[in-house]
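In what follows, a single structure is set out as structure tokens and then discussed.
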Amino acid sequence: MTAESLAALALLAAIFASVHGAGGPPASPTAARADVSRAAAIRPSANARHAALSSGGVGLVGTRNCQMARNLAGYVNPLAAAVVRPERIDQGVDYAGSGTLSAIGAGRITYVATSGTGWPGTFIEYQLLAGTDAGCYVFYAEGLTPMQGVHVGETVSAGQAIATIIPGYPTGIEVGWGASKGTKTYAAIAGQWSATDDQENVASPAGRNFSALIDALGGPPGKVEG
């Protein structure tokens, strides 16, 4: 093997290590208040966003390998009908603002409660039924009011309104990967989250991944603060 060939192999190995050792895509900087349609206009190219997603998979949810997809066909920005300010990435992604949260893709509601959730407010979860992440769970929590008629077992379509954001709610809202374990998140079930992580504003791998999904779909990603 020639010296040039060895050098080329070494370069490829270095690139592979840098992509797969980053622990998920970094959050993009955003303005203090982000209008979703305006934010979508300044997103990087679709190919770049899909590459970031495919390197930031969250691993197993139950028996499903829910790595974020290269192909986002059938999925939509759940914040398209909201005006939000992105906040920290933790178990999921925190936002403050107003408007409506919609389903990312076709799914089935698996949990709805507005009290006794262990969260400061509402907890809603649904399982994706279509697309490359079919089988994975998504949660919306905290300062939300479920849309009238939203109930466990209901089938929803991509873009269908799930809940309204309560303006000025003290804790805002949080969205992310669920686990179909009551009101626990994927990050909690996978051991990616603890009380210390909360205090130190640590961004979980699952939270980073969901932030990358929002970004790829044209919404504002969260902020890495810890």
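Quick note on the working numbering: the sequence shown kicks off at 784 and runs consecutively. Where a beta carbon is used, it is the ideal one built from N, C-alpha and C, also for glycine. Because the structure is a prediction, the values reported are computed rather than measured.
Residue i, DSSP secondary structure in three states
i	result
Ser-994	helix
Thr-966	coil
Ile-972	helix
Thr-979	helix
Ala-797	Residue confidence for Ala-797 is low, a pLDDT of 39 falling below 50, so the modelled location carries little weight; the figure read from the coordinates is stated next. Of the three classes helix, strand and coil, the one that applies to Ala-797 here is helix, per DSSP.
Beta-carbon gap between residue i and residue j smaller than 7 Å
i	j	result
Gly-961	Glu-908	yes
Leu-912	Cys-919	no
Tyr-923	Leu-862	no
Ile-956	Leu-927	yes
Gly-959	Gly-990	yes
Gly-904	Glu-925	yes
Val-867	Gly-857	no
Ala-941	Ala-886	yes
Backbone CA spacing between residue i and residue j [nearest angstrom]
i	j	result
Ser-963	Val-921	9 Å
Leu-855	Gly-1002	14 Å
Ile-892	Pro-929	11 Å
Ala-810	His-934	Any reading at Ala-810 is ruled out, since the residue's pLDDT is 36, under 50, leaving its predicted position unreliable.
Gly-1005	Val-859	17 Å
Gln-982	Ile-949	25 Å
Ser-994	Gln-975	15 Å
Asp-980	Thr-915	30 Å
Ala-864	Gly-882	6 Å
Ala-973	Val-985	15 Å
Thr-966	Ala-896	9 Å
Gln-874	Gln-943	24 Å
Val-939	Ala-978	34 Å
Residue i at chain D interface by Cβ criterion, 7 Å
i	result
Gly-882	Of the protein chains in this structure there is only one, and it is not chain D.
Residue i - partner residues in DSSP beta bridges
i	result
Glu-925	Thr-905, Ile-956
Ile-948	Gly-882, Leu-927
Gly-961	Thr-968
Ignoring anything shorter than 3 residues or poking outside the region 850 to 880, list the beta strand (DSSP E) runs there in chain order. Contiguous beta strand (DSSP E) elements confined to the region 850 to 880 occur at 864 to 872, taking only those with 3 or more residues.
Return the chain-ordered ranges of every beta strand (DSSP E) run that is complete within the region 881 to 910 and spans a minimum of 3 residues. 890 to 896
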